[in-house]
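**Q** Structure provided below as structure tokens; questions to follow.
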């Protein structure tokens, strides 16, 4: 495993870092001293306001008074090396001059402030489409090098003013798809190199950020970055090694199954900006009509039976998901049977409530359901396994095609950074019915969940092709074939 030069957790415990604003100087010499010469400066850290850190002596600033003028205001601020504000009430009283883009506010500005209007620009009409990545391409002006040699991580919820401040102060700015230092290969490499600052509410508390920084050392997943999603999409074959009766994966030997799913991946990749990787969803425990020796109406496969398929897909640069159909068994106890397989970096877990039955019920009498408490129990165990083994984030997939299958879904705890929670909408039938199910399942769904879709080769009417599957909104992160 890789190790970080200095971890935020250790520094925090030693009292060497604090949150909030600092007094980083503007000069190149003092900036070098503050940001490069000490171990403290090289530790990844959060900033609540970069403007307060890098513009300590600023007498001029820029204000965008409405979203339509944010783009030209940001460009001007970076070019002039000035702080950018988006609310009049945030403008410091210490300023002497303010350049405004948009209507000058009637109230809220400090008294005695000289206000001048910025040049109007046709760019203002394109302001709603301004992306953080756009700002990172602008050449900064002025002589502010307070963040030279630093990498600043920003996320979609990072205010534009903070992104502009980082760019204006000479930082290398990485615009991430989510607020997590594991989001991309570049962000992980930056954390390992040190001297990283994250800014934006999505990065959470210092403890949240420290936990995610620690997990950078676990390494990357296939396709790059340390998060299961959104760094990649997956296309999977579903089934059991015993043969074709339980799904398409078992219709061929492991290597032939790899080649089959690779052919599907090639059809999906042109329709995705993210890399698409191959996957297997391997049924580990199979719901049974008979109770079996243990009386739980679920046949637990020997891990050795699953190993060849798991190894084949992982060695092919893909991902394996172990699926549990529990019958009367405890999902947690079944998951523990496969701890050795789940201790591999690229192996996740799926829970199938359809096949969960009560102590007096029989399979196929009704569609089963799982309580949130049982899901949380499995999630806590799996997250602990990831931590103890020093593994990258794992997928935890929940199958659902009826609301009653996860009746108290809102009580599922999705906060573990070790896990990526996936809701697999796996109903079959006519496209219209499947879309209705898809939309109903998304209602009230916690934003931490990533959506997954299943194509049934024989039961769907018709089965969607790759282009149509990726035209589903929102685009599925995980697609399986059964």
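Residue numbers (mature numbering (1 follows the signal peptide of the UniProt record, and there is no 0)): -24 to -1, 1 to 458.
All C-beta atoms, glycine included, are put in the ideal place defined by N, C-alpha and C.
Computed from a predicted structure; not experimentally measured.
With DSSP as the reference, label residue 460 as helix, strand or coil.
**A** Because the chain spans -24 through 458 in this model, residue 460 falls outside it and cannot be assessed.
**Q** Can you grab the Cα-Cα spacing for the pair residue 330 / residue 61, in whole Å?
**A** Reading the chain shown from its first residue, position 354 is the one you call residue 330. Reading the chain shown from its first residue, position 85 is the one you call residue 61. Using only the alpha carbons, I get a separation of about 52 Å.
**Q** Taking DSSP as the reference, what is the three-state secondary structure of residue 120?
**A** As a first step, residue 120 is located in the chain shown; it is residue number 144 there, counting from the start. If DSSP states are grouped into helix, strand and coil, residue 120 belongs with coil.
**Q** Among 90, 194, 252, 35, whose alpha-carbon lies nearest the alpha-carbon of residue 451?
**A** Numbered from its first residue, the chain shown carries residue 451 at position 475. Closest option to residue 451, Cα to Cα, is 252.
**Q** Could you name the residues that DSSP lists as bridge partners for residue 376?
**A** On the chain shown, position 400 is the one that residue 376 refers to. Answer by DSSP bridge pairing, in chain order: 401.
**Q** In the segment 195 to 237, which residue ranges form an unbroken beta strand (DSSP E) of at least 3 residues, counting only runs that do not cross its ends?
**A** Counting only runs of 3 or more, we get 209 to 215.
**Q** Going by DSSP in three states, residue 114 sits in which element: helix, strand or coil?
**A** For this step, residue 114 is matched to residue 138 along the chain shown. DSSP places residue 114 in coil when its eight states are reduced to three.
**Q** Look at the alpha carbon of residue 148 and the alpha carbon of residue 352, and state the distance between them as a whole number of angstroms.
**A** Residue 148 sits at position 172 when you count from the first residue of the chain shown. Residue 352 sits at position 376 when you count from the first residue of the chain shown. When rounded, the distance between both Cα atoms is 39 Å.
**Q** Give the C-beta separation of residue 426 and residue 453 to the nearest angstrom, bearing in mind that I take them to be a contact with Cβ-Cβ under 8 Å.
**A** Against the chain shown, residue 426 aligns to sequence position 450. Against the chain shown, residue 453 aligns to sequence position 477. At roughly 4 Å, the Cβ-Cβ gap stays under 8 Å, so residue 426 and residue 453 are in contact.
**Q** Between residue 118 and residue 441, what straight-line distance do the alpha-carbon atoms span, to the nearest angstrom?
**A** For the purposes of this step, residue 118 is identified with residue 142 of the chain shown, where counting begins at 1. For the purposes of this step, residue 441 is identified with residue 465 of the chain shown, where counting begins at 1. Answer to the nearest angstrom: the Cα atoms are 53 Å apart.
**Q** How many angstroms separate the CA atom of residue 291 from the CA atom of residue 348?
**A** Position 315 of the chain shown, counted from the first residue, corresponds to residue 291. Position 372 of the chain shown, counted from the first residue, corresponds to residue 348. Straight-line Cα distance between these residues: approximately 34 Å.
**Q** Going by DSSP, which residues form a beta bridge with residue 254?
**A** Against the chain shown, residue 254 aligns to sequence position 278. Its beta-bridge partners are 211.
**Q** Starting from residue 145, trace the alpha helix (DSSP H) both ways and give me its first and last residue.
**A** The count along the chain shown starts at 1 and reaches residue 145 at position 169. Counting along the chain, residue 145 falls outside any alpha helix (DSSP H), and DSSP gives it neither H nor E.
**Q** Pick out whichever of 137, 131, 141, 53 has its Cα sitting closest to the Cα of residue 150.
**A** What you label residue 150 is simply residue 174 of the chain shown in a count that begins at 1. Looking at the Cα atoms, 131 is the closest of the given residues.
**Q** Identify whether residue 322 lies in helix, strand or coil by the three-state DSSP scheme.
**A** As a first step, residue 322 must be located in the chain shown, where it is residue number 346. Note: residue 322 maps to coil in three-state DSSP.
**Q** Starting from residue 426, trace the beta strand (DSSP E) both ways and give me its first and last residue.
**A** Locating residue 426 in the chain shown gives position 450, where the first residue counts as 1. Unbroken beta strand (DSSP E) run through residue 426: 426 to 431.
**Q** Under 6 Å Cβ to Cβ from residue 319, same chain only, skipping five residues before and after it: list those, please.
**A** Within the chain shown, the letter at position 343 stands for residue 319. Once the five neighbours on either side are set aside, the close Cβ partners of residue 319 are 365.
**Q** One question on the structure: do residue 141 and residue 52 come within less than 8 Å of each other, judged by their Cβ atoms?
**A** For the purposes of this step, residue 141 is taken as residue 165 along the chain shown, with counting starting at 1. For the purposes of this step, residue 52 is taken as residue 76 along the chain shown, with counting starting at 1. No; because the gap between Cβ atoms is not below 8 Å, this pair is not in contact.
**Q** When the Cα of residue 273 is compared with those of 326, 337, 190, 159, which residue comes out closest?
**A** Start at 1 with the first residue of the chain shown, and residue 273 comes out as number 297. Measuring from the Cα of residue 273, the nearest candidate turns out to be 337.
**Q** Taking the alpha helix (DSSP H) that residue 90 falls in, what are its first and last residues?
**A** Mapped onto the chain shown, residue 90 falls at position 114. Premise fails: residue 90 lies in the beta strand (DSSP E), 90 to 93, not in any alpha helix (DSSP H).
**Q** Going by the beta-carbon positions, is the gap between residue 286 and residue 277 smaller than 8 Å?
**A** Sequence index remark: in the chain shown, residue 286 carries index 310 (1-based). Sequence index remark: in the chain shown, residue 277 carries index 301 (1-based). Not in contact: residue 286 and residue 277 (Cβ atoms no closer than 8 Å).
**Q** Is residue 238 near the ligand SAH, in the sense that its beta carbon is under 7 Å from a heavy atom of that ligand?
**A** Among the ligands in the structure shown, none appear at all, so the ligand SAH cannot be discussed.
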